[in-house]
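This report concerns only the one structure given below.
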Amino acid sequence: MKKEVKDTIIVELGEKLKEYPHFYLVDLTGLNAEATSSLRRKCFKNEIKMVVVKNKLLHKAFEASDIDFEPLYGTLKGTTAVMFTTTANVPAKLLKEYEKEGIPALKAAYAEESIYVGADKLAELTALKSKNEVIAEIVSLLQSPAKNVVSALQSGANTIHGVLKTLGERPE
Numbered sequence: 002m003k004k005e006v007k008d009t010i011i012v013e014l015g016e017k018l019k020e021y022p023h024f025y026l027v028d029l030t031g032l033n034a035e036a037t038s039s040l041r042r043k044c045f046k047n048e049i050k051m052v053v054v055k056n057k058l059l060h061k062a063f064e065a066s067d068i069d070f071e072p073l074y075g076t077l078k079g080t081t082a083v084m085f086t087t088t089a090n091v092p093a094k095l096l097k098e099y100e101k102e103g104i105p106a107l108k109a110a111y112a113e114e115s116i117y118v119g120a121d122k123l124a125e126l127t128a129l130k131s132k133n134e135v136i137a138e139i140v141s142l143l144q145s146p147a148k149n150v151v152s153a154l155q156s157g158a159n160t161i162h163g164v165l166k167t168l169g170e171r172p173e
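Using the working numbering, the first residue of the sequence shown is number 2, and each one after it goes up by one.
Okay, structure coming up:
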């Protein structure tokens, strides 16, 4: 591969690192063409951009980045694919489907501005909540007290009305 081509690839990888806030490094060793195509289709459906890269070129892109990716350098061995995503937990959920087979295996991930190294971090990454999930949870928490207050006021109104009616009907 010519130096100009390598430089272009490094620049493209650097742009993707800036464009996508989260990425996963995955080992695809052992996947045949059919399984790889199937994985690519699933990635496309889940809005994940999967790119198979040369480890040296990815290493150089990491070095050129503003973020310190040094803990990831040790994972750049063997066949590496990068799954770029805008939602941190989506690739983890996709990889969880393949967990029994062990292929593809998670090498490392950069999600929510944290670095996760090792396949044992998959459960932790799956538990991360997306921005929309956090917003929905906050909205439900905010609605809950308001619903309780309205409910108490409505039941209290019926109770007060019943007491007043009973007192009004009572003979003196």
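Where is the CB? At the ideal position from N, CA and C, for every residue including glycine. Values in this document were obtained by computation on a predicted structure and should not be read as measured data.
Which of helix, strand or coil DSSP assigns to residue i
i	result
residue 65	helix
residue 70	coil
residue 77	coil
residue 82	strand
C-beta contact flag for residue i and residue j at 7 angstroms
i	j	result
residue 124	residue 76	no
residue 106	residue 120	yes
residue 126	residue 93	yes
residue 104	residue 31	yes
residue 83	residue 118	no
residue 49	residue 86	yes
residue 91	residue 133	no
residue 42	residue 51	no
residue 116	residue 72	yes
Separation of residue j from residue i, as counted between CA atoms
i	j	result
residue 61	residue 81	14 angstroms
residue 137	residue 112	20 angstroms
residue 122	residue 3	37 angstroms
residue 96	residue 79	18 angstroms
residue 66	residue 37	29 angstroms
residue 141	residue 130	15 angstroms
residue 56	residue 19	18 angstroms
residue 7	residue 29	22 angstroms
residue 114	residue 22	8 angstroms
Residue i: first and last residue of the uninterrupted beta strand (DSSP E) it sits in
i	result
residue 28	23-28
residue 106	106-112
residue 97	Not the beta strand (DSSP E): residue 97 falls in the alpha helix (DSSP H), residues 91-98.
residue 174	The chain is shown only over 2 to 173; residue 174 falls outside these bounds and no answer can be derived.
CB contact below 7 angstroms: residue i versus chain D
i	result
residue 31	Protein chains in the displayed structure number just one, and chain D is not present.
N- and C-terminal bounds of the alpha helix (DSSP H) containing residue i
i	result
residue 40	34-46
residue 15	4-20
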